[in-house]
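Chains as they are written, first to last, in this note's numbering: chain A, 4 to 139; chain B, 222 to 284.
Below is one structure, written out as structure tokens; the observations come after it.
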Amino acid sequence: MGSNPAQRRYIGRMIPLSIAYMLAVFGASSVIPDGAAATPLTVIIALVPAMAVLGFIWAMGRYLTELTDEYVRLLEIRKALVATGLTLALASGWGILELFTDVPRVPLFYVFPVWCLGLAVGSLVNKVTIGDGGPC
Amino acid sequence: MKNRLKVLRAERDWSQQDLADRLEVSRQSVNAIETGKYDPSLPLAFRISDLFGLPIEAIFLKD
């Protein structure tokens, strides 16, 4: 990645956001003890890393809208659609299992990382169906 | 959709990258269009048409 201006801007946004996310997670886990009650203060501190995640999503959205190459945009949107479908299927399937059985509860936190892994599956789907995985 | 992009490019001795630079798209896009994996949008088809100085129907052919 990094061969066109949209990709370079995307990387330029994701690097500081990733640093902010790691610092916020480290900060929140240092300040909030395990199993702390949900008070206004703990909620606000815990939401700081969430703001960085919102930043990731914003950066991904900007990347798609700033891509001027329509073919590359098509590949990226197909990847996002596969990731979304996969995440919805896994979340819904596991959610129903949780509803009716005693399978372990999976924290909602994992939805976004699963979606990101879904992008890799989307790239594979592009490779198999179009013969072109798209930018990595 | 079939097209004559590869022939037209070869007539001008342009590489895929040369054509991509002229169209302001990626080489990946030119390759996808040439091999029929991707049909360009109407605006891009018009840019291709303008670049080669040919009507769209002389470049893109019905299957």
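Cβ atoms here follow ideal geometry from the backbone N, Cα and C, with glycine treated the same way.
Being a predicted model, the structure only gives us computed values, none of them experimental.
What residues from chain B crowd round E73(A), counting only those whose CB sits closer than 8 Å?
Residues of chain B passing the Cβ test: V246, S250, P261, S262 and L265.
Which residues in chain A have a C-beta closer than 8 Å to the C-beta of K283(B)? List them in chain order.
Result: empty, since nearest Cβ-Cβ is about 21 Å, beyond 8 Å.
Would you mind telling me which residues of chain B sit closer than 9 Å to G134(A), beta carbon to beta carbon, in chain order?
Per Cβ cutoff of 9 Å: A253, T256 and K258.
Measuring only the C-alpha atoms, how far is G137(A) from A279(B)?
Going from the Cα of G137(A) to the Cα of A279(B) covers about 29 Å.
Please report the distance separating the alpha-carbon of L244(B) from that of D72(A).
Roughly 10 Å separates the two Cα atoms.
Less than 8 Å between C-beta atoms, sequence neighbours within five positions excluded: which residues of the same chain meet that for V246(B)?
Correct list, in chain order: L265.
Could you compute how far the alpha carbon of T42(A) sits from the alpha carbon of L67(A)?
Going by the C-alpha atoms only, they are around 37 Å apart.
Taking 8 Å as the CB-CB cut-off, is N173(A) touching chain B?
Outside the displayed span of chain A (4 to 139) sits residue 173(A), for which this structure offers no information.
Under the three-state reduction of DSSP, which class applies to N224(B): helix, strand or coil?
Three-state DSSP puts N224(B) in a strand.
Tell me which same chain residues have a C-beta within less than 7 Å of the C-beta of F281(B), skipping the five on either side of it?
The residues are M222, N224 and A266.
Under 8 Å: do the stretch 47-64 of chain A and the stretch 30-37 of chain A share three or more Cβ pairs, one atom per stretch?
Short answer: they touch.
Can you give the Cα-Cα distance for D271(B) and I277(B), rounded to whole angstroms?
About 9 Å.
Going along the chain, which residues of its own chain have a beta-carbon closer than 7 Å to the beta-carbon of L89(A), five neighbours each way excluded?
Within the same chain, L89(A) has close Cβ partners G121 and V124.
For the alpha helix (DSSP H) containing P8(A), name the first residue and the last one.
It spans P8 to V34 - the alpha helix (DSSP H) in which P8(A) sits, taken as one unbroken run.
How about L70(A) and D135(A): are their beta carbons less than 8 Å apart?
No, the pair does not count as a contact, with Cβ atoms beyond the cut-off.
Can you tell me which residues form a DSSP beta bridge with L282(B)?
Per DSSP, K223(B).
Would you be able to state if there are at least three C-beta pairs under 8 Å between the stretch 7-21 of chain A and the stretch 53-60 of chain A?
Yes, the stretch 53-60 of chain A is in contact with the stretch 7-21 of chain A.
Rounded to whole angstroms, what's the CA-CA distance from P110(A) to P8(A)? Just pull it up for me.
Rounded to the nearest angstrom, the two C-alpha atoms are 36 Å apart.
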